[in-house]
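Every position in the sequence shown, counted from 1, becomes a number in my numbering once 3 is added. Even glycine gets a Cβ: it sits at the ideal position worked out from N, Cα and C. The structure displayed is predicted, hence computed values, not measured ones.
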Amino acid sequence: MHIGIIGQGFGGSALAWQLQQAGHTVTVFDRGIERSASWMASGLINPVTLRRRKVVQQAQMHLNAMQAYYLSVEASLGQGLLNMDSIREVLIGNQATEGWGQLADVQALKPFIGPCHEADHPGIQHSYVGQVQHSGRLHSKAYLKAMATHLGEQLIQGQVDHIEREGKAWLVSGHKVDALILAEGVQAQWTNYFFGELPFAASRGEGLTIAWDGEAMHHPYHQSHFLLPEGGSMAKLGATYSWDKFNDPPSKAARLELLDGLKPWFSMPGLRVVDQWVGIRPTMKDRIVRLGWHDVESNLGFLNGLGSRGAMTAPYWAKKLITAAPWA
Ligand SMILES: Cc1cc2nc3c(=O)[nH]c(=O)nc-3n(C[C@H](O)[C@H](O)[C@H](O)COP(=O)(O)OP(=O)(O)OC[C@H]3O[C@@H](n4cnc5c(N)ncnc54)[C@H](O)[C@@H]3O)c2cc1C
4 MHIGIIGQGF GGSALAWQLQ QAGHTVTVFD RGIERSASWM ASGLINPVTL RRRKVVQQAQ
64 MHLNAMQAYY LSVEASLGQG LLNMDSIREV LIGNQATEGW GQLADVQALK PFIGPCHEAD
124 HPGIQHSYVG QVQHSGRLHS KAYLKAMATH LGEQLIQGQV DHIEREGKAW LVSGHKVDAL
184 ILAEGVQAQW TNYFFGELPF AASRGEGLTI AWDGEAMHHP YHQSHFLLPE GGSMAKLGAT
244 YSWDKFNDPP SKAARLELLD GLKPWFSMPG LRVVDQWVGI RPTMKDRIVR LGWHDVESNL
304 GFLNGLGSRG AMTAPYWAKK LITAAPWA
């Protein structure tokens, strides 16, 4: 079958790849990176909500699907995209350090609570760190670029403003496809039109790229926010959460929140901000991912609501949607 997909974020990319693996032809439509949450994502793969010390729902299932998926993409494209170097939780004070070990007593958390050791960067002083097992990072921009290159002429750049029926097929911006899947992220114009308004509670996330003089950073850290190596003495710091001002440029308030949060646990000479960025997470009010096939237009499907964990969960949800396809 020839299947059209609107969106080449984490959702659309995982759909396109797995449909191709199943022997289908795909055409992917995407209007570019400006409105893509995936392009702004830090790519963290993290089975634990560190602030609340809770395991993500069905974490192991998502980790298994994610690992099989990215390994298959890496092997076929000949490019390293996934780095499973553990996130280090920075533990300030004796109580936090002892508390880390005790987390392993909680049955659900046990598989993810790794060793605790002295901090391994001079910017993190007087602190221990606890490793989060089975966590890591997808090089999201490299992944999205590699998928775009892989798709080649099967990726059509530009906004889809027109969808109509031609017999049983769909005409999408003039391209005929046998079935269509909407993976539009937060601006879900066509999903809302065909499936009804999705219950979004989208969240705005801002982050900084910081640099300093001295030792390079090699591992991902978390305390007030995440601090993620970006090569040499540079790191991404973020991201914030807010539920309004979606169209505003990067804000001073977020910059202060991030830098104030960093002060108690990381400092290096010459620390400076070199960039600030903002994106919108496609989260649903109840945090539950939405996907399915249309009751009447049975060759029309959608996947949305990947929230703040699309890098980890998109491979599983995409496969679930494909497996439930009326033609499967
Ligand atoms: C600041 C920030 C940091 C994040 N960090 C992480 C992280 O570390 N780890 C993690 O797992 N997740 C992270 N996320 C969340 C992650 O980005 C999302 O879960 C994921 O990107 C959602 O993917 P998606 O494919 O559903 O949507 P999107 O990435 O938004 O993709 C949808 C695509 O569809 C296109 N599109 C929509 N409508 C049309 C149309 N009509 N015509 C053509 N194209 C269209 C859009 O342009 C877009 O490219 C972060 C998000 C933000 C904002």
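Notebook entry, point to check: Measuring CB to CB, does Val93 end up less than 7 Å from Tyr224?
Noted result: Taking a C-beta distance under 7 Å as the contact criterion, Val93 and Tyr224 qualify as a contact pair.
Margin query: Does Trp246 pass the burial test, meaning 16 or more other C-beta atoms within 10 Å, or should it be called exposed?
Written below: For Trp246, the number of other beta carbons within 10 angstroms of its own is below 16, and it is reported as exposed.
Note to self: So, with DSSP's three-state summary, where would you put Ile48?
What the structure shows: strand
Notebook entry, point to check: So what does Pro232 bridge to, in DSSP terms?
Noted result: Ala238
Next item on the list: Say yes only if the C-beta of Gly188 is nearer than 6 Å to one or more non-hydrogen atoms of ligand 1, and no if none qualify.
Entry: yes
Check: Among the residues of its own chain, which have a CB less than 7 Å from the CB of Trp42, if the five just before and after it don't count?
Finding: Excluding residues up to 5 positions away in sequence, Ile36, Lys144, Leu147 lie with their Cβ nearer than 7 Å to the Cβ of Trp42 in the same chain.
Note to self: Checking the sheet assignment: what are the DSSP bridge partners for Lys57?
What the structure shows: Thr52
Next item on the list: Measuring alpha carbon to alpha carbon, tell me which of Asp278, Met150, Asn302 ends up nearest Phe197.
Entry: Asn302
Note to self: What I want to know is whether the C-beta of Leu47 ends up closer than 6 Å to one or more non-hydrogen atoms of ligand 1.
What the structure shows: yes
Item checked: Thr30 classed as buried or exposed, judged by whether at least 16 other C-beta atoms fall within 10 angstroms -> buried
Item checked: Check whether Trp50 and His178 have beta carbons under 7 Å apart -> Correcting the residue type first, residue 50 is Pro in the shown sequence and not Trp. No, the pair does not count as a contact, with Cβ atoms beyond the cut-off.
Next item on the list: Return the residue from the list Arg38, Gly46, Tyr319 that minimises the CA-CA distance to Ala242.
Entry: Gly46
Checklist line | Through-space distance from Arg34 to Trp330, alpha-carbon basis | finding: Straight-line Cα distance between these residues: approximately 28 Å.
Check: Where does Ala186 land, buried or exposed, given buried means 16+ other C-beta within 10 angstroms?
Finding: Classification of Ala186: buried, given that the 10 Å Cβ count is 16 or more.
Note to self: Would you call the stretch 213-233 in contact with the stretch 266-275, where contact means no fewer than 3 C-beta pairs closer than 8 Å?
What the structure shows: yes
Notebook entry, point to check: DSSP three-state call for Ile325: helix, strand or coil?
Noted result: helix
Next item on the list: Any chance you could list the alpha helix (DSSP H) runs of at least 4 consecutive residues sitting entirely within the stretch 164-243, in chain order?
Entry: 192-198
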